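>
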Amino acid sequence: MSAKWLWLIFGGFLAITFSGSLVHLATEMWWFESVGFADVLRTRLQWQGAIATFCFIVWWLALFLNYAIAQRLTRERPLHVAKNPQWDPYLPGLVRYTSLGLITLLALTAAINGAETWQEVLKFLHPVDFGSQDPLYGREISFYIFQLPLFEKMHRAAAELLVWGAFLAASIYGLKGEIRPERGWKYFLTGEVKTHFCVLLAGLAVIFALGFWIARYNLLYSSTGVVFGAGYTDVHARMQAYGTMGFITIAIGILFVTSLWRSGFLLPLTAISLYAIVFILITGVYPWAQQKFVVEPNELQKESPYIADSIQFTRQAYGLNVVQQQPFEVKNQLDAATLERNSATIDNIRLWDYRPLQSTYGSLQTLRPYYKFLDVDIDRYTLNNDYRQVMLSPRELVDDSLPAQAQTWVNQHTIYTHGYGLAMSPVNKITEDGLPELFIKDLPPKSSVDLTVEQPRIYYGEATDRYILTGTDQAEFDYPLGNDNAQYNYTGLGGVPIGSPLRRLAYAYSLGKGQLLLSNALGENSRIHYHRLIQERILQLAPFLSLDSDPYIAVIDGRLQWIVDAYTLSNRYPYSEPLWRSEGIQSLLQDPAMRQIVSQETNYIRNPVKAVVDAYDGTIKLYVVDTSDPILASFQQSFPTLFDTLENAPPQLQAHFRYPQMLFKIQAQIYRAYHIDQPGVFYNQEDFWDFPTQITREETAEILEPYYVIMKLPEAESEEFMLILPFTPVGKNNMVAWMTALCDGDNYGQLLVYEFSRQALLYGPRQIDSRIDQDTEISQQLTLWNQEGSEVFRGDLLVIPIEESLLYVEPVYLQARGQNDNSNAIPELKRVIVAYKDSIVMEKNLEDALTKLFGQLSRKPSPAVDNSPSATGTPSTAPPPTQTQAALIKSALEAYTQGQQALQKGDWQAYGAAQKRLEGILKQLTEIEQ
């Protein structure tokens, strides 16, 4: 077979191998164009292509140079193999093509690996200062974040290149008989062949010496001392050892060069043997002796400066250096008047836990088996001029729940295309049956507040993992309508146009779906929607960001918008303790996103971006909310069109930005130890904190998670939406502090820690749970409910600071035992337990519990009634109602109550009748007063 045919076969093989990648690249370019960020992909591809080309050329030329030198130096020597007349003519060509194939394969591998370093290259080219220097070498922190990682990869690649070059040359020399062990180990290489190897080995010596230079900087990430980062032994032993070994390694390289003018390899080989002994002594024995005999007897004294560095830089890396610490003196002087002054806090105490509420939503509001509430989010809205904390969940469509015979390609990709609407309820309202009072419910969405959902369809969400087609001849399923189904045709601009035969062919090949070519429903206006999972969608644009595990949905101007918190991470911040070293981190690893962050050895985190995805058309916006993060600032220089400023975010959207719970957990986890600023106290671990635990179901203890509340801080003038978490001492259950992150307006992102006095015992959540279990009346009732097929679930025990007092609130739910599937279980909120000082009560609702503890709470005055004193200074009074007026008022109240009950049941006819009756009664009252 001629060389021409071999090249044609090889070219065809490459075309088939890479055709899928090329088609996929084309479809991805169309996708980026559809979302308006084609320049982002082009920039990324240009850099990946440039880096890959550079790596391929360098590797191929370097390896070929070694191959060519070896061939030239042995051109007069035949192959040193067994003689075989049949194969001898083909051996030189076989060696040549095998070597060139290996060179090309290694260069391609280097190109692919190099292309994957595009993020490191871009950060290297656009460093941004952190405004801080490491305490050991005095280098700006940006050197360690942006430059050192690329230096390490380049160092590793150079070492691999030299090793492969030496291997390739040695293979040629071995086949040509130039490596002669029979001469002895001193003289097995001679002449120009020896020169070639000496140059390669001298180059390796230089690379190893650079490795020791890099290792000196890596001491800042040492985990051998009391704290993370360089300790006393690292600074006074290992740092000098690495410097010394670097010079010794350079000397070894010089010996290899010197041996070019000497016969044999005796001098460098002897030096290498001594080098190994010196390496063990300097880098192993000497640091061990320093630690054993100098540090350990005086560890606190020797390590104190380095503990102080670790505290300082760990706080900086996790954004804890801005935490405001304040004392909180608990006086516990709550009374009815105090509760009235803090009525906004009381009215927003969260009685509904997201776990039972998700089951309740699933039972009452999915309405069809193919709908599902995947999560329940917490947010705040101004509803009917009242700042309210609410819980809400979008109703997504999961077509895997369709009957098996209905799971066809047409159904899953062209008919069942989107979810619909959401359920929303206040955090503190319950019906007489113990169910949530719904603000938004049913299909199509019905709202009982001044918040309407004008576009309720969800084409992009957390369950949208299949591609779909819109603009086809097949009408889409919209929502169930009695015994029929409402239909819909997509009118948005989401998705990629797929009307042309070429695009249909490309997507059919890329997705492996021939139906895209065979379907008669597709037309010139058809669009294909993919990357519909909101997190996947964001990562397609910005793979250098890490995303929060809890996207939440918000109703903005009548549309459903997903909000996702995005993080920048690093594991190269000097002296900052990585999460994996943090005591008790295992309690946070149930979250997959948290596990991923911990597995990356993260020791720096920021939340500089809020990603917003429209649930209907998939529009993506990345708003920069923290301009002080250097890592994001570096990527902004590379992708100037990718990010938008916070000023361009609509105020209605900014009102729903909240401090992410996952970031708060990480910061609280680190702050448990790093709230201490004294090295001696830190060393002795005298004041380490812990997360409180609580009882949920049947004595099952769980870590109390941070929770969102609307409340007023002690020094604040009004209530705010915030995230709070109590702390207990390690090994104890009493409370020592609580931490909060503010979420509203200009205060967004402020971290506050209120520390309690150590002179008095303050009950922690677990101690309150123990007191609840010791209350005979409450424990008997809970035990009774836990029998005969029922199961009690105790929600989060909330610690609510009110002025200078602490109020504890725990909801109690009841559901059928074993019914944990949200399609069957209907948990009911049966009781609310409230604890204050030494008193604990359990009532049907929060108002009754507070009344039992503090007496009758006066009604809040209606905005329409003027209760202010008159101009003369005497309070205005109204005459008592007559008997007729009293009867009419009672009738009006009954009509109003009946109307509200009808509204909750969705009985609009009864609701309208009650409203007409109420209107007539009010007219009669007006006539009597006139």
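For the sequence shown, my numbering gives the first residue as 312, with consecutive numbering after it.
Backbone N, C-alpha and C define an ideal beta-carbon position, used for all residues, glycine too.
Just so we're clear, the structure is a prediction, and the values are computed from it rather than from any experiment.
Looking at Thr1051: is its Cβ nearer than 8 Å to the Cβ of Gly1075?
no
> What separation, rounded to the nearest whole angstrom, lies between the Cα atoms of His466 and Cys366?
13 Å
> Extract the residue ranges of the beta strand (DSSP E) inside the stretch 765–818, only unbroken runs of 3 or more that lie entirely within it.
If we require 3 residues or more, the beta strand (DSSP E) runs fully inside the stretch 765–818 come out as 779–781, 787–792 and 795–799.
> I believe Pro747 touches Lys757 by the beta-carbon criterion, under 8 Å. Please report the beta-carbon distance rounded to the nearest angstrom.
Between Lys757 and Pro747 the Cβ distance is about 15 Å, and since that is not below 8 Å, they are no contact.
> Suppose contacts are defined by Cβ-Cβ distances below 8 Å. Is Tyr727 in contact with Arg843 by that definition?
no
> Using alpha carbons as the reference points, say which of Ile1232, Leu461, Met973 and Arg883 lies closest to Ser533.
Arg883
> List the whole-angstrom C-beta distance separating Arg527 from Gly554, where the pair is believed to meet the contact cut-off of C-beta under 8 Å.
7 Å
> Can you tell me whether Gly540 is buried or exposed? The criterion is at least 16 other CB atoms within 10 Å of its CB, across all chains shown.
buried
> How long is the line joining the alpha carbons of Thr415 and Ile380, rounded to whole angstroms?
17 Å
> Express the C-alpha separation of Val924 and Asn1133 in angstroms, rounding to a whole number.
For Asn1133, the pLDDT reaches just 47, beneath the cut-off of 50, and the residue's location in the model is therefore unreliable, leaving the point undetermined.
> Taking its Cβ as the centre, do 16 or more other Cβ atoms sit within 10 Å of Phe558, making it buried, or is it exposed?
When all chains shown are included, Phe558 counts as exposed.
> Extract the residue ranges of the alpha helix (DSSP H) inside the stretch 887–918, only unbroken runs of 4 or more that lie entirely within it.
List check, alpha helix (DSSP H) in window: 903–910.
> Using the Cα positions of Pro767 and Ile867, report the straight-line distance between them to the nearest angstrom.
11 Å
> Have a look at Ile1111 and Ile1144 and give me their C-alpha separation to the nearest angstrom.
13 Å
> Leaving out five residues before and five after Gln602 in sequence, what residues of the same chain have Cβ atoms less than 6 Å from its Cβ?
Thr544
> On a Cα-Cα basis, can you pick out the residue from Leu685, Leu964 and Gln551 that is closest to Gly869?
Leu964
> Exposed or buried, Ser670, counting other C-beta atoms within 10 Å across all chains shown (16 or more means buried)?
buried
> Quick one, are the C-beta atoms of Ala885 and Tyr617 less than 8 Å apart?
The displayed chain sequence assigns Pro, not Ala, to residue 885. It is not a contact, given that the beta carbons lie outside the stated cut-off.
> Going by alpha carbons, who is nearest to Leu871 out of Glu707, Ser712 and Leu662?
Glu707
> With DSSP as the reference, please indicate the residues paired to Gly730 in a beta bridge.
Ile769
> Which whole-angstrom value is the C-beta distance of Ala655 and Tyr698, which I expect to be below 8 Å?
7 Å
> To which residues does DSSP link Met735 through a beta bridge?
Leu703 and Ile751
> Relative to the C-alpha of Phe968, which candidate in Ala349, Tyr629, Arg1082 and Cys1054 has its C-alpha closest?
Cys1054
> Tell me where the alpha helix (DSSP H) around Lys932 begins and ends.
Premise fails: Lys932 lies in the beta strand (DSSP E), Ile931 to Val935, not in any alpha helix (DSSP H).
> Quick one: grab the DSSP three-state call for Pro1040.
strand
> Comparing C-alpha positions only, which one of Ile1137, Phe975, Ala426 and Gly1231 sits nearest to Leu631?
Phe975
> Going by other Cβ atoms of all chains shown within 10 Å of its Cβ, with 16 needed for buried, is Thr956 buried or exposed?
exposed
> For Pro1180, count the other beta carbons within 10 Å of its own beta carbon; 16 or more makes it buried, fewer makes it exposed. Which is it?
Note that Pro1180 scores 32 on pLDDT, short of 50, meaning its location in the model is unreliable; the coordinates nonetheless yield the value given after this. Residue burial annotation: Pro1180 is exposed, with fewer than 16 other C-beta atoms found within 10 angstroms of its C-beta.
> Does the distance from the C-beta atom of Leu645 to that of Tyr1119 stay below 8 Å?
no
> Assign Arg1290 to buried or exposed, taking buried as 16 or more other Cβ atoms, counted over all protein chains shown, within 10 Å of its Cβ.
Nothing about residue 1290 can be read from this structure; the chain reaches only from 312 to 1241.
> Any idea if Ser857 is buried or exposed, counting beta-carbon neighbours within 10 angstroms, 16 or more meaning buried?
buried
> Using the beta-carbon count (16 or more within 10 Å), is Tyr408 buried or exposed?
exposed
> On the DSSP letters alone, give me the boundaries of the beta strand (DSSP E) that Val568 sits inside.
For Val568, no beta strand (DSSP E) run applies; the uninterrupted alpha helix (DSSP H) run containing it begins and ends at Met550 to Thr569, by DSSP.
> Give me the residue from Ala984, Gln948 and Ser830 with the minimum Cα distance to Gly895.
Ala984
> How is Gln826 classed by DSSP in three states: helix, strand or coil?
helix
> Identify the residues that DSSP records as bridge partners of Val1143: which are they?
Pro1122 and Glu1154
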